[in-house]
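One structure below.
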Amino acid sequence: MKIAIIGALWTSNFGDVLLAKLLKDKLVMLGHSVIMPNASNSVKNEAGLEEEKFKISESDCILFCGGGYFSEPPGNSFKWAISRYKSLFKYATYCKIKKIPYSIIGVGAGPINSFVARKVISHVCSGAENILLRDNESIKAIKNLNQNYNLIEVSDLVLSINDIYELGPVYNSVDKIGVHLTLNGREQIKPILKYVKENKNSYDFYLIEDNPGEYDRLCYEYTDIKELFADKYITYKSIDEFVSQIHSFDMVITSKLHVGIVAAALNKKVCSLPYHAKVKRLYDEFDRSDVVLEDFHNPSRIYAHVSNCYESEPITIPSKMLEKSRKINMFIEEKFGEKK
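Printed below as a string of structure tokens:
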């Protein structure tokens with residue numbers, strides 16, 4: 008079959024690209040040809056999509072891959088809806104016009120409050136053959152739009168990453184810590200740097216980036232980073248290398264959802280300092296809300312939270328969540344397991 012994958016793939020965001028790559032790899036393994044029509048060239052390269060052999064008009068099926076793009080951000084909902092329609096949701100319209108079947112695979116949804124967001128997301132869901140959503144909150148958000156949609160609850164596909172990468176054993180002592188900073192979480196940066204400075208003689212801290220150029224941007228605004236980490240920084244090269252790097256750490260400090268998910272799936276200690284509510288939602292499902300801090304107004308609390316996470320247990324993904332994550336691959340195998 009000729010299958011097109013659509014997602015939030017116009018820019019290099021580790022989580023979105025990883026989800027697309029996992030889906031692409033599974034489909035290619037099953038013998039299908041894949042394109043990513045709305046992905047940038049750099050994202051296609053990261054996802055290992057070396058060649059696109061057909062046009063979207065020739066697709067037998069279109070899949071909206073995992074990502075949080077059914078979630079309305081605070082602010083101008085009309086502007087958000089128009090932007091997302093042009094970059095993402097227009098492909099649902101295209102499928103309806105061209106009569107190409109499409110499914111939604113592992114997307115996160117909610118909040119969906121404004122009239123325009125409800126209309127746009129309803130438009131996408133109304134034509135989908137299958138709708139797989141990554142948690143119960145997403146199921147509730149879409150059911151609030153229409154009770155008649157046939158919804159399947161799964162978990163984030165990345166949770167099953169240990170099944171795919173077959174990485175080595177995990178050791179629970181903490182000597183090597185990966186520090187992932189992003190300018191989207193500025194309030195967390197100074198307390199984290201203070202923690203690194205005061206503890207760098209006890210542990211090996213490495214600054215890691217999940218997209219190219221992040222290290223340089225951080226150093227431009229925080230001039231002490233270069234001196235603090237010296238040569239212990241790891242620039243982003245590829246998804247596979249980044250996953251292997253996370254596996255090499257005993258603990259990961261991050262504000263991003265999928266950096267934390269990968270670390271959690273690999274049974275690492277995680278210190279989460281999120282700037283988006285969807286992150287807390289996931290750790291609540293792990294029953295590990297203790298590793299998440301949402302109040303960044305007091306720098307001393309951030310410092311104390313990092314210390315507490317160091318003392319915490321490594322994360323173990325509940326078996327029910329792993330099984331729900333594996334349901335995505337089972338669905339793909341059942342639907343696309345034989346060449347058609």
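Quick note on numbering: the working numbering labels position 271 of the sequence shown as 278, and the sequence is numbered without any gaps. C-beta atoms are modelled at their ideal positions from N, C-alpha and C, and glycine is treated no differently. If you're wondering where the values come from, they're calculated on a predicted model, not measured in any experiment.
Looking at the DSSP output, Lys33 shares a beta bridge with no other residue.
When the alpha-carbon of Lys342 is set against those of Glu136, Asp170, Phe85 and Ile89, the nearest one is in Glu136. Per DSSP, Phe343 has no beta-bridge partner at all. Contact holds between the stretch 83-93 and the stretch 108-128, because three or more Cβ pairs, one in each stretch, are under 8 Å apart. Proximity of the stretch 213-228 to the stretch 183-190 meets the contact definition, three or more beta-carbon pairs being nearer than 8 Å. Taken atom to atom, the span from the alpha-carbon of Ala99 to that of Ile335 is near 21 Å.
Using a Cβ-Cβ distance cut-off of 8 Å, the stretch 140-155 and the stretch 301-320 are not in contact, since fewer than three pairs of beta carbons, one from each stretch, lie closer than that value. Counting C-beta pairs closer than 8 Å gives fewer than three between the stretch 292-312 and the stretch 253-260, which falls short of the contact rule.
Phe96: not part of any beta strand (DSSP E); DSSP gives it neither H nor E. Beta-bridge analysis with DSSP links Thr261 to Ser279. Cys132 places its beta carbon 8 Å or farther from that of Tyr109. Spanning the alpha carbons of Lys207 and Gly185 requires a straight line of approximately 12 Å.
Residue pairing of Cys68 in beta bridges, as defined by DSSP: Ile10.
Within the same chain, Cβ atoms closer than 8 Å to the Cβ of His39 are found at Met8, Lys9, Ile10, Phe343 and Lys346, the five residues on either side in sequence being excluded. Of the candidates His265, Leu56 and Lys239, His265 places its Cα closest to the Cα of Val250. According to DSSP, residue pairing for Phe212 in a beta bridge involves Ile184. Around Gly267, the same chain offers Thr261, Val277 and Ser279 as residues with beta carbons nearer than 6 Å, after the five sequence neighbours per side are excluded.
Across the set Pro198, Ile107, Lys183 and Ser84, the C-alpha of Ile107 shows the shortest separation from the C-alpha of Cys68.
Leaving aside the five residues that flank Phe212 on each side, the residues in its chain whose CB is nearer than 7 Å to its CB run, in chain order, Ile184, Val186, Val203, Phe236 and Lys239. Contact between Ala54 and Trp17 is ruled out by a C-beta separation of about 13 Å, above the 8 Å threshold. For Ser64, the closest alpha carbon among the candidates Leu29, Pro44 and Met328 is that of Pro44. By alpha-carbon distance to Pro198, the top candidate from Phe293, Ile322 and Ser307 is Ser307. Per DSSP, reduced to three states, the secondary structure at Glu59 is coil, with no helix or strand assignment. Where Tyr76 is concerned, the enclosing beta strand (DSSP E) starts and stops at Gly74 to Phe77.
By the neighbour-count criterion, in which 16 or more other beta carbons inside 10 Å mark a residue as buried, Glu234 falls on the exposed side. Non-local C-beta neighbours of Ile128 in its own chain, meaning closer than 7 Å and more than five positions away in sequence, comprise Phe77, Ile119 and Leu152, ordered along the chain. Following the DSSP letters along the chain, one finds Ile146 inside the alpha helix (DSSP H) bounded by residues Asn143 to Lys150. For Glu221, the three-state secondary structure derived from DSSP is helix. Taking all protein chains in view, the Cβ of Ile104 is surrounded by fewer than 16 other Cβ atoms within 10 Å, so the residue is classified as exposed. Around the beta carbon of Glu292, a 10 Å sphere encloses 16 or more other beta carbons of the protein chains shown; the residue is thus reported as buried. With distances taken between CA atoms, Lys327 lies nearest to Glu160 out of Glu160, Lys33 and Lys62. Following the DSSP letters along the chain, one finds Leu139 inside the beta strand (DSSP E) bounded by residues Ile138 to Leu140. According to the DSSP assignment, Glu194 belongs to the alpha helix (DSSP H) that extends over Arg193 to Asn206. By the criterion of a C-beta distance shorter than 7 Å, Asp297 is surrounded in its chain by Ser319, once the five residues flanking it on both sides are discounted. Between Val286 and the set Lys275, Asn274, Asp294 and Val299, the nearest pair of CA atoms involves Val299. Gly117 sits buried, since 16 or more C-beta atoms from the chains shown fall within 10 Å of its C-beta.
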